[in-house]
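Please read the structure below before turning to the comments.
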Amino acid sequence: MAETLIVEKNHQISNLIRQKVRFITMDMSGAYIPLVRRLFLNAQIIIDRFHIIQQLVQAFLKTRIAIMNQFNKKPLPYRYLKITGDSP
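Just so we're aligned: 59 in UniProt numbering is position 59 of the sequence shown, and the numbers increase by one with no gaps anywhere.
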């Protein structure tokens with residue numbers, strides 16, 4: 001339904017104008033990429049920075065948690081590492 005609505009609205013924009021569009025910024029959702037490529041033949045798709053940084057932060061967080069879960073949580077070295085981020 002969303003795709004149908006988008007196609008209908010974009011057909012209100014002339015082909016000439018759509019052909020002049022050079023760049024389209026969008027999130028990382030793959031759902032709309034084929035649609036954008038179909039409607040804006042000459043446009044280059046650019047993933048917005050927010051979503052790239054969000055993916056990086058989530059990956060770092062997941063890695064950090066996996067590393068911290070490998071430690072025994074009682075001894076002093078673990079607590080020191082948790083507080084400072086550096087080994088004693």
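All C-beta atoms in this analysis are idealised placements derived from N, C-alpha and C, irrespective of residue type, glycine included.
| Query | Result |
| --- | --- |
| Residue environment, residue 77, which counts as buried when at least 16 other CB atoms sit within 10 Å | exposed |
| Those residues which DSSP pairs with residue 23 across a bridge | 44 |
| Residue 23 vs residue 47 beta-carbon contact at 9 Å | no |
| Of the listed residues 20, 49 and 84, nearest to residue 26 (C-alpha basis) | 49 |
| Same chain, Cβ closer than 7 Å to residue 40, five either side skipped, listed in chain order | 18, 21 and 24 |
| Rounded distance between the beta-carbons of residue 28 and residue 51, thought under 8 Å | 5 Å |
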